[in-house]
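Here the sequence shown is numbered in full-length UniProt numbering, starting from 1 and rising by one per residue. No residue lacks a Cβ here, since even glycine has one placed at the ideal position from N, Cα and C. Written below as structure tokens is the structure these notes are about.
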Amino acid sequence: ADVTSVLDTLQGQVGTILPQIDSLVSGGNVSEDSVTPLIGQLTVALNNAANDLANIPASGSSKRQSDDDTANLVAGIVTDITNSLNGLLGSAASIPTLGALLSGVDVSLNQVLVGLETLLAGVLNLVATLLVDVAGLLRSLAFGLVLASLGL
């Protein structure tokens with residue numbers, strides 16, 4: 001596997017999970033029972049991507065695609081996750097475990113970012129530049145690890 005294929009797989013998985021969260025929010029059907037399994041799936045997808053990145057030998061990223069392309073892909077994934085999860089904050093009262101669920105996403109997403117930086121030194125600086133407008137939402141979600149890794 002290479003970095004791009006891992007990220008493409010993650011994007012595909014995230015792309016099936018987040019619309020379900022968005023539709024719960026837009027339909028006013030947010031509850032602990034409806035949200036918990038979806039955030040669980042999101043966390044698993046992120047953990048799998050982090051593990052896949054960790055298994056790529058550092059030398060295996062020498063035929064790397066442009067860092068800009070990678071940064072754009074990662075920034076898009078982070079933005080999509082952030083926007084969807086931010087929609088849940090308005091329903092926090094009906095999801096007592098939301099803080100813990102979001103903390104799990106922060107840890108897993110951060111592992112993906114750290115794995116990327118290990119393989120593509122400097123790529124997180126590019127990602128951070130693309131995410132300046134999303135930093136406030138990341139703060140709302142209390143994604144402290146992600147913010148720290150991005151230097152935002």
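Element boundaries [alpha helix (DSSP H), containing residue i]
i: residue 91; result: Unbroken run through residue 91: none, as it is neither H nor E.
i: residue 21; result: 3-26
i: residue 113; result: 98-119
i: residue 76; result: 67-86
i: residue 146; result: 144-150
i: residue 33; result: 32-54
i: residue 136; result: 135-140
i: residue 128; result: 123-130
Residues of its chain near residue i, where Cβ-Cβ distance is below 6 Å and the 5 sequence neighbours each way are ignored
i: residue 79; result: 134
i: residue 152; result: 128 and 135
i: residue 49; result: 6, 10 and 112
i: residue 93; result: none
Rounded Cβ spacing between residue i and residue j (contact assumed at less than 8 Å)
i: residue 14; j: residue 42; result: 7 Å
i: residue 97; j: residue 7; result: The pair is not a contact, with the Cβ atoms about 29 Å apart (cut-off 8 Å).
i: residue 116; j: residue 3; result: 7 Å
i: residue 10; j: residue 81; result: Contact flag wrong, Cβ pair sits at about 10 Å.
i: residue 91; j: residue 44; result: About 22 Å separates the two Cβ atoms, so there is no contact after all.
i: residue 77; j: residue 32; result: With 8 Å as the limit, residue 77 and residue 32 do not qualify as a contact, their Cβ atoms being about 25 Å apart.
i: residue 53; j: residue 119; result: 6 Å
i: residue 137; j: residue 83; result: 7 Å
i: residue 75; j: residue 130; result: 4 Å
i: residue 89; j: residue 140; result: 6 Å
i: residue 56; j: residue 1; result: 6 Å
Beta-carbon contacts of residue i that lie in its chain and below 8 Å, excluding the five residues immediately before and after
i: residue 142; result: 99, 102, 103 and 106
i: residue 58; result: 118 and 119
Cβ-based burial, residue i [other Cβ within 10 Å; buried from 16]
i: residue 160; result: The structure shown has nothing for residue 160, since the chain only spans 1 to 152.
i: residue 23; result: exposed
i: residue 149; result: buried
Close-in-space but distant-in-sequence residues of the same chain around residue i (CB under 7 Å, 5 per side omitted)
i: residue 145; result: 106, 107 and 110
i: residue 126; result: 67, 68 and 71
i: residue 86; result: 137, 140 and 141
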